[in-house]
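Numbering (my numbering), first residue to last: 128 to 430. The structure under discussion appears below in the form of structure tokens.
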Ligand code: MG
């Protein structure tokens, strides 16, 4: 296996993880979670989401969270926005980077984002242009890149079309989401190979869920295919609302363990991430789903 010398991890636990929590985590705990994660060496910690509070009550305190953290030099704190109103709120709270989210699946886009793919891209075009005028960095997400709960298979051409469109609209980076975690290693590599013909592979990230236990294998497969950025969440936080009983994101420490053992540099301290996971798991009142965190915390409960 050919792995790169260095990769970047985008920590999505405070947003993608906590958004999928059944309960609402206190604002002070969210702020401490982000600050602790940023102290582990992570370069990017996705902080929150400026979407409608009635749709995502778990992140209704987005402005308090973003203004409450202690930004560390060199760490980026992107926030999700869905529209102009979200961008206004994010700017007001001092955001320097936003993320917008489209889907490669038409039925998913219609049912879960409230509009079809082309409509959503058009709307994001305006948001991205405004964000760039404010010198914000913009990350794009494409969901359902390996399969969709409504349409089943998602053609690679559809993923390529949405990814290319997001770059053309002005995204600096596009993250490919296997939102239901159904992809497998060769499928991910083939997808990256097709995308590499039209977009710069070093501007792609992968966001591969662990629902079927494939998150780590698929992420390593993406690295082998040339990707250098992966989204993960501390402790494996984050359910998957479209696959009942499933785990969500690949755990940051599970990926870090594999990379450290393979000599791939991330700049992130594995034992510090595990201790943040241990602390967060106490706040949430349940053990982490991360296999690495469970193994280490069982040996040494204090991390
Ligand atoms: Mg996710």
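Think of the CB as a built atom: it goes at the ideal place given N, C-alpha and C, for glycine as much as any other residue.
> Based on Cα-Cα distance, which residue from 381, 282 and 364 lies nearest to residue 459?
Replying inline: Coverage of the chain is limited to positions 128 through 430, which leaves residue 459 absent and any answer about it impossible.
> Does any C-beta atom of chain D lie closer than 7 Å to the C-beta of residue 272?
Replying inline: No chain D is present in this structure, which holds just one protein chain.
> What first and last residue would you give for the alpha helix (DSSP H) that runs through residue 384?
Replying inline: For this step, residue 384 is matched to residue 257 along the chain shown. Where residue 384 is concerned, the enclosing alpha helix (DSSP H) starts and stops at 379–388.
>> Rounded to the nearest angstrom, what separates residue 263 and residue 269 at their Cα positions?
In response: Reading the chain shown from its first residue, position 136 is the one you call residue 263. Reading the chain shown from its first residue, position 142 is the one you call residue 269. Answer to the nearest angstrom: the Cα atoms are 19 Å apart.
> Can you name, in chain order, every residue of its own chain whose Cβ lies under 6 Å from the Cβ of residue 310, other than the five neighbours on each side?
Replying inline: Reading the chain shown from its first residue, position 183 is the one you call residue 310. The residues are 273 and 345.
>> Residues around ligand 1, please: the condition is that the C-beta lies closer than 5 Å to some non-hydrogen atom of it.
In response: 143 and 376
>> Determine whether the beta carbon atoms of residue 175 and residue 399 lie at a separation below 7 Å.
In response: In the chain shown, residue 175 corresponds to position 48, counting from 1. In the chain shown, residue 399 corresponds to position 272, counting from 1. Contact flag unset, no.
> Do you know how far the Cα of residue 297 is from the Cα of residue 257?
Replying inline: The residue labelled residue 257 in the question sits at position 130 within the chain shown. The residue labelled residue 297 in the question sits at position 170 within the chain shown. Going by the C-alpha atoms only, they are around 10 Å apart.
>> Using only the alpha-carbon positions, how far apart do residue 376 and residue 413 sit?
In response: Counting from 1 along the chain shown, the entry for residue 376 is found at position 249. Counting from 1 along the chain shown, the entry for residue 413 is found at position 286. Taking the straight line from one Cα to the other gives about 17 Å.
> Roughly how far, in whole angstroms, is the beta-carbon of residue 184 from the beta-carbon of residue 151, given that I think they are within contact range, below 8 Å?
Replying inline: On the chain shown, residue 184 is found 57 positions in, with the first residue counted as 1. On the chain shown, residue 151 is found 24 positions in, with the first residue counted as 1. Sure, about 6 Å apart at Cβ, within 8 Å.
> In whole angstroms, what separates the C-alpha of residue 211 from that of residue 223?
Replying inline: If you number the chain shown from 1, residue 211 lands on position 84. If you number the chain shown from 1, residue 223 lands on position 96. Going from the Cα of residue 211 to the Cα of residue 223 covers about 15 Å.
> Within this structure, are the beta carbons of residue 417 and residue 380 separated by less than 7 Å?
Replying inline: In the chain shown, the residue the question calls residue 417 occupies position 290. In the chain shown, the residue the question calls residue 380 occupies position 253. Here residue 417 is near residue 380, since their CB atoms are less than 7 Å apart.
> Expressed to the nearest angstrom, what Euclidean distance is found between the alpha-carbon atoms of residue 271 and residue 148?
Replying inline: Taking the chain shown and counting its residues from 1, the one referred to as residue 271 is at position 144. Taking the chain shown and counting its residues from 1, the one referred to as residue 148 is at position 21. Each residue's Cα considered, the two are about 21 Å apart.
> Any idea which residues DSSP pairs residue 360 with across the strands?
Replying inline: Within the chain shown, the letter at position 233 stands for residue 360. As DSSP reads the structure, residue 360 sits in a beta bridge with 378.
> So what does DSSP say about residue 265, is it helix, strand or coil?
Replying inline: Locating residue 265 in the chain shown gives position 138, counting from the first residue. Here residue 265 sits in strand by DSSP.
> Quick one: what's residue 305 bridged to in DSSP?
Replying inline: Taking the first residue of the chain shown as 1, we reach residue 305 at position 178. Paired residues: 335.
> Going by DSSP, which residues form a beta bridge with residue 229?
Replying inline: For the purposes of this step, residue 229 is identified with residue 102 of the chain shown, where counting begins at 1. Per DSSP, 269.
> What are the start and end residues of the beta strand (DSSP E) that includes residue 453?
Replying inline: Nothing about residue 453 can be read from this structure; the chain reaches only from 128 to 430.
> Out of 423, 266 and 331, which has the shortest C-alpha to C-alpha gap to residue 403?
Replying inline: As a working mapping, residue 403 is identified with position 276 in the chain shown. The option with the nearest alpha carbon to residue 403 is 423.
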